[in-house]
Amino acid sequence: MKKVQTIKNIEGILLHSKEAGNGNRIVFIFTKNYGNQTAFVSQSTIKSFGSGLLMPFTYLRCSMAETSFDKWTLIQYEGKNICDISKFSYEDWCRWCFVIEIIKWGFPLGEKDINAYIRLVKCLKGILDKNKQVSAYITALQMLYAAGYDASAQEMCELYNLSDESKTLLQKFINYSWEKPMGINISKEMLKEIALYLDKFVKSVCDMELKSKKMFI
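Mapping of the sequence shown onto this note's numbering: position 8 corresponds to residue 8, and the numbering continues sequentially without gaps.
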């Protein structure tokens with residue numbers, strides 16, 4: 001008996017894509033209902049639906065077909081760019097690569113986490129008119145928190161001798177709703193302190209060595 005092909009419709013944020021030869025691509029998507037997902041996209045599908053929507057931080061609605069056990073192919077898609085990364089400086093883009101690494105690491109493939117998804121969408125919508133460096137830092141902290149890693153925890157702040165002012169700032173960042181300006185001034189010295197702390201936190205608590213470490217210093 002011929003196996004019925006499984007099709008699933010998803011919505012999510014495209015984190016990034018990479019070449020797969022002959023004009024094909026592999027995409028990495030943080031979805032609303034299926035957690036992190038990877039899928040193959042053929043050259044013909046890209047020609048039909050466009051390459052512009054395969055840029056990082058694009059909101060996608062798409063259909064994926066299962067080609068073998070837990071292997072998926074994107075067969076159609078539509079969506080919109082939430083933020084235009086072409087306007088990012090190289091340094092800002094590297095900082096957002098840090099965020100992408102955290103999302104790919106912190107949320108297991110196929111495990112739904114709708115609260116984390118909603119938080120990410122808020123973060124991306126909120127960066128349009130804000131400092132992209134600070135926005136990336138806040139997003140990294142909030143996604144770590146959603147994954148169960150609280151960078152403002154008392155014991156960690158004490159372990160790395162974080163100042164009281166920086167600890168308070170971390171808590172404000174984690175709880176920031178993105179709905180209105182934060183209304184605080186952040187000195188370069190304080191930003192450097194919490195940036196150094198974040199690298200140490202990720203390495204020691206999360207046991208993760210990021211390719212894009214030291215991007216906020």
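Every residue gets a Cβ at the ideal spot worked out from N, C-alpha and C, and that includes glycine.
Check                                                                                                       : Outcome
Sequence-distant residues of the same chain with beta carbon closer than 8 Å to Q43, five excluded per side : N22, G23, N24
Straight-line gap, N175 to S63 (C-alpha atoms, nearest Å)                                                   : 34 Å
Whole-angstrom C-beta distance between V205 and Y145, which should lie under 8 Å                            : That belief does not hold up - the Cβ atoms of Y145 and V205 are roughly 12 Å apart, past 8 Å.
Straight-line Cα distance separating Q171 from M1                                                           : Residue confidence is low: M1 scores 49 on pLDDT, short of 50, so the model does not pin down where it sits. No coordinate-derived value is stated.
Pairwise C-alpha distance: V27 and K125                                                                     : 21 Å
Complete runs of the beta strand (DSSP E) confined to the stretch 34–106 [at least 3 residues]              : 35–41, 58–68, 71–81
Terminal residues of the beta strand (DSSP E) in which E19 lies                                             : 7–19
Beta-carbon spacing of I102, H16 below 8 Å                                                                  : no
Status (buried if at least 16 other CB within 10 Å, exposed otherwise) for K188                             : exposed
Straight-line gap, K104 to Y59 (C-alpha atoms, nearest Å)                                                   : 17 Å
Span of the alpha helix (DSSP H) around I138                                                                : 132–146
Beta-carbon spacing of T73, F40 below 8 Å                                                                   : yes
Extent of the continuous alpha helix (DSSP H) to which I29 belongs                                          : Note, I29: premise wrong, no alpha helix (DSSP H); beta strand (DSSP E) at 25–31.
CB contact flag (K32, I82, <8 Å)                                                                            : no
Pick from E78, N36, T38, Y34 that is closest to K47, judged by C-alpha positions                            : E78
Residue of I194, Q142, S86 minimising C-alpha distance to M156                                              : I194
Proximity to A116 [Cα-Cα], best of G35, K132, S89, T6                                                       : G35
Whether F173 touches I138 by CB criterion (8 Å)                                                             : yes
DSSP three-state assignment for L109, whether helix, strand or coil                                         : strand
Continuous alpha helix (DSSP H) assignments of at least 4 residues falling wholly in the stretch 172–215    : 188–204
Extent of the continuous alpha helix (DSSP H) to which N161 belongs                                         : Careful: N161 lies outside any alpha helix (DSSP H) and carries neither H nor E.
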